[in-house]
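First comes the structure, then the notes that go with it.
In the UniProt record's numbering, the protein residues as written are 1 to 192.
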């Protein structure tokens, strides 16, 4: 007999001196035993419910952590690429300054101050873009990369390897490694 079974028996023995008390004790023991079975069932059901709720809690915590992580990544991307549209608009200014520099007659002494001013403005703009992680893609002499370059035409040129950029019509730009505008280029092709 276990301790739990001995306890009701001891109570019965102690109360056996009074017959009315003995009958009530037997009824109490029977009720306690019935309650013990019901309580065991209730305890198991409660333990199952607790396990299920713990599982739900863990899943909810993991989902909340994933949502926080995704939100943080979205904010980081927004900060990182917030300048993309503005940088794209500024590229046309850089292109115009480059064209102005190329079109000014460098031999004309009266235009030297204008040329210096345009070159200084262009350099200042390019430096400002670099400070904000906007980098030029000027691939002259490099192998053609379709991820960064857009081929405008192909020309046979025996002096360079095939698929080499031989001329740049328009420089490309990247923002934090992401392409904002591809470089417009002429690519060499093999004679054939």
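Using N, Cα and C, we set each Cβ at its ideal position, and we do this for glycine too.
Bear in mind the structure is a predicted one, so any value in this text is a computation, not a measurement.
The residue from 67, 58, 80 and 68 with its alpha-carbon nearest to that of residue 176 is 80. Residue 171 counts as buried, since no fewer than 16 other beta carbons sit within 10 angstroms of its beta carbon. For the 9 angstroms CB-CB criterion, residue 158 and residue 149 do not form a contact. Assigned with DSSP and collapsed to three states, residue 166 falls in strand. Taking one beta carbon from each stretch, the segment 92-102 and the segment 115-130 have 3 or more pairs nearer than 8 angstroms; the two touch. The bridge partners DSSP lists for residue 189 are 156. Annotated three-state conformation of residue 117 is helix, per DSSP. For a cut-off of 8 angstroms, the C-beta gap from residue 134 to residue 87 is around 5 angstroms, short enough to register as a contact. For residue 175, no alpha helix (DSSP H) run applies; the uninterrupted beta strand (DSSP E) run containing it begins and ends at 172-175, by DSSP. According to the DSSP assignment, residue 179 belongs to the beta strand (DSSP E) that extends over 178-181. Of the residues assessed, residue 53 falls on the exposed side of the cut-off, its CB having fewer than 16 other CB atoms within 10 angstroms.
In the same chain as residue 105, and ignoring 5 residues on each side of it, the C-beta atoms closer than 7 angstroms to its own belong to 111, in chain order.
Here the alpha carbons of residue 187 and residue 109 stand approximately 37 angstroms from one another.
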